[in-house]
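The numbering of the sequence shown is the UniProt record's numbering, which starts it at 1 and goes up by one.
Everything on this sheet refers to the single structure shown next.
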Amino acid sequence: MASAVHLDGITKRFPGVVANDDVDLEVERGTVHALLGENGAGKTTLMNVLYGLYEPTSGTVRLDGEPQAFRSPRDAIDAGIGMIHQHFMLVDPMTVTENITLGNEPRKWGGLAVDRAGAREAVVDLADRYGFDVDPDARIEDVSVGEQQRVEILKALYRGADTLILDEPTAVLTPQEVEELFDVLDELTAQGKTIIFITHKLGEAMRAADEITVLRDGKKVGAVDANATSQEELAELMVGREVLLDVDHGAAETGDVVASVSDIVVEDDRGVRAVDGVSFDVRAGEVFGIAGVDGNGQSELVEAVTGLQDADAGEIRFLGEDVTTASRRHRIDSGMAYIPEDRQERGLVMEFDLVENGLLGSQHGRELAPNGRINWDDTRDHADAIIDEYDVRPPDADAEAHSLSGGNQQKFIVGREFERDPELVVASHPTRGVDVGSIEFIHERLLELREQGVAIVLVSSKLEEVQGLSDRLAVVYEGEFIDVVDPDETTEEELGLLMAGERPGDDGGGGDPEATTSEAEPNAAADTDAADGERA
1 MASAVHLDGI TKRFPGVVAN DDVDLEVERG TVHALLGENG AGKTTLMNVL YGLYEPTSGT
61 VRLDGEPQAF RSPRDAIDAG IGMIHQHFML VDPMTVTENI TLGNEPRKWG GLAVDRAGAR
121 EAVVDLADRY GFDVDPDARI EDVSVGEQQR VEILKALYRG ADTLILDEPT AVLTPQEVEE
181 LFDVLDELTA QGKTIIFITH KLGEAMRAAD EITVLRDGKK VGAVDANATS QEELAELMVG
241 REVLLDVDHG AAETGDVVAS VSDIVVEDDR GVRAVDGVSF DVRAGEVFGI AGVDGNGQSE
301 LVEAVTGLQD ADAGEIRFLG EDVTTASRRH RIDSGMAYIP EDRQERGLVM EFDLVENGLL
361 GSQHGRELAP NGRINWDDTR DHADAIIDEY DVRPPDADAE AHSLSGGNQQ KFIVGREFER
421 DPELVVASHP TRGVDVGSIE FIHERLLELR EQGVAIVLVS SKLEEVQGLS DRLAVVYEGE
481 FIDVVDPDET TEEELGLLMA GERPGDDGGG GDPEATTSEA EPNAAADTDA ADGERA
């Protein structure tokens, strides 16, 4: 089979960093090729070279055997390359047709006006040709994330793409939408298109790809047939050592209620309820998981619980105390640790070094600031201990936070929060951007804290993570808990339907969360009769 794309000896250097180091990649026409590796491995940089966003420091890009010299994405598009980014580049108030044809609209009256009817017809014909189910007249703001992704693919096809690059294409999709995407890829390759998709998810690479290339630290470390490998082999290639992939958390031995959330309402800047009457308890020695597609109120709920945002209604109790209006500092001092979803915005001061960042949240505590004055020797020892225990690289406490990769920033935050000796850990996407080996380590530490009787609220967009670690699992949709389930008794497909807003019983009338909760947690009745039917 002929080669559609051949990257030969691609090296890309930035000041102080070699992002790609003599990488070869060959992709056959009409196939799906997965580019696998953890964040920082060089996957997106390599594809940005192919798409013309970066010029390689050295090496050659060949399409159908012919060398290319792309100086911009326009050059790559003209050569038949299309790229669908992780964050869609669509205009929300515009229709599907307007987004697909934007900048390339058919014209009429000698080019004086847009031929709207012709544009719509072209989009309908294109969607029919590839079997895409899209409404050409729907506004982007009114369609699902999965449909938006199909619009992005159609937009690239409309511009003549023969090779499509998809950057982390499943990051914000439900399991059902992931399967629909893979069906789309099958149809595209059946019609001769070539697909390269960037991912760090082992199972999806094996499910969707024909061939898999693995990058680690900017270098190509393996190229395998997707049908002749295993997740264990791929993980070892990605990390450089054997990795335990399965989480075995065992049965929970829960204690008293540590935190209780009752009828919490949080409004966004527009006055819309981002969180709409959510209630739950989490007990000592329990992991209470929250799953859902990003943007369904998880962030606002977590920030209300941790004191970063005021709740507009409802009550939050921590260790029996009403902390609804308590400060963030008071919650930290009382034993509440927090791993934020946005490490740079909420977790670190990027211009501070790791000694200073390790102090954050503890600058008023007795351990590091006895008598109200910071002991900098102890603070440095504290930062060094986090760096050593959590394998933060480079192992330099004087390094400023912005100089670390995203994964190492995340490991430092996780270490700082886990080492607070907390009663409650609120962990929002705790393994975002870290390598497979570090994910394994963080999962083990979470379970160790659980064994020590710490209560954990875990929010994650990784379904396998939140399902594998949780003792009870709430699914949030449009600011509400659709259901609370036993993750061991619920399939990924069932969770996907809940994440898409399909309520238990398929009748739209809601299920019986009290019954579901009591089955999953027979030894954890709510504290009061009034709370019994209201709280998950």
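Even glycine gets a Cβ: it sits at the ideal position worked out from N, Cα and C.
For residue i and residue j, what's the separation of their Cα atoms in angstroms?
i	j	result
residue 273	residue 158	38 Å
residue 422	residue 9	49 Å
residue 52	residue 84	14 Å
residue 18	residue 213	19 Å
residue 29	residue 191	10 Å
residue 140	residue 88	11 Å
residue 59	residue 42	15 Å
residue 393	residue 483	40 Å
residue 539	residue 105	Because residue 539 is not part of the residues shown, which for the chain are 1 to 536, the question remains open.
residue 154	residue 331	49 Å
residue 444	residue 82	40 Å
residue 235	residue 20	20 Å
residue 86	residue 334	39 Å
residue 313	residue 430	28 Å
residue 90	residue 96	9 Å
residue 508	residue 502	For residue 508, the predicted model reports a pLDDT of 43, less than 50, meaning its position is unreliable; a value from the coordinates is still stated below. Going from the Cα of residue 508 to the Cα of residue 502 covers about 7 Å.
residue 184	residue 402	39 Å
residue 47	residue 470	36 Å
residue 462	residue 247	13 Å
residue 432	residue 400	20 Å
Excluding the 5 residues preceding and the 5 following residue i in the sequence, name in chain order all residues of the same chain whose CB lies nearer than 7 Å to its CB.
i	result
residue 311	264, 265, 266, 304, 324
residue 479	273, 274, 275, 276, 296, 297
residue 187	130, 131
residue 24	7, 8, 9, 220
residue 57	11, 12, 13
residue 168	86, 198, 199
residue 389	415
residue 512	Residue placement at residue 512 is poorly supported in this model, since its pLDDT is 41, which falls under 50; the coordinates still yield a value, given next. Once the five neighbours on either side are set aside, residue 512 has no close Cβ partner at all.
Are residue i and residue j close, meaning C-beta to C-beta below 8 Å?
i	j	result
residue 33	residue 211	yes
residue 258	residue 424	yes
residue 475	residue 449	no
residue 134	residue 120	no
residue 170	residue 204	yes
residue 216	residue 240	yes
residue 439	residue 339	no
residue 369	residue 375	yes
residue 379	residue 354	no
residue 286	residue 252	yes
Helix, strand or coil: how does DSSP classify residue i here?
i	result
residue 189	helix
residue 49	helix
residue 194	strand
residue 85	coil
residue 319	coil
residue 431	coil
residue 477	strand
residue 211	strand
residue 71	coil
residue 8	strand
residue 33	strand
residue 141	helix
residue 104	coil
residue 206	helix
residue 178	helix
residue 60	strand
residue 232	helix
residue 239	helix
residue 44	helix
residue 222	strand
residue 408	helix
residue 150	helix
residue 329	helix
residue 497	helix
residue 199	strand
Using a Cβ-Cβ cutoff of less than 8 Å, which residues in the same chain neighbour residue i once the five nearest sequence positions on both sides are dropped?
i	result
residue 466	289, 290, 291, 458, 459, 460, 473, 487
residue 256	283, 284
residue 455	258, 259, 282, 283, 284, 285, 286, 288, 423, 424, 425
Residues in the same chain with beta-carbon distance under 6 Å from residue i, minus the five sequence neighbours each way, listed in chain order, please.
i	result
residue 2	29
residue 362	368
residue 118	106
residue 242	236
Using a Cβ-Cβ distance under 8 Å, would residue i count as near chain D?
i	result
residue 45	The question asks about chain D, but that chain is absent: this structure has only one protein chain.
Segment contact flag, the region 90-109 with the region 123-131, C-beta cutoff 8 Å, min 3 pairs: yes
Inter-stretch contact at 8 Å, needing at least 3 Cβ pairs: the region 135-155 / the region 63-72: no
Assess, as a yes-or-no matter, whether the region 192-201 is touched by the region 160-178 under the definition of 3 or more beta carbon pairs within less than 8 Å. yes
Touching by the beta-carbon criterion (3+ pairs, under 8 Å), the region 342-350 and the region 407-419: yes
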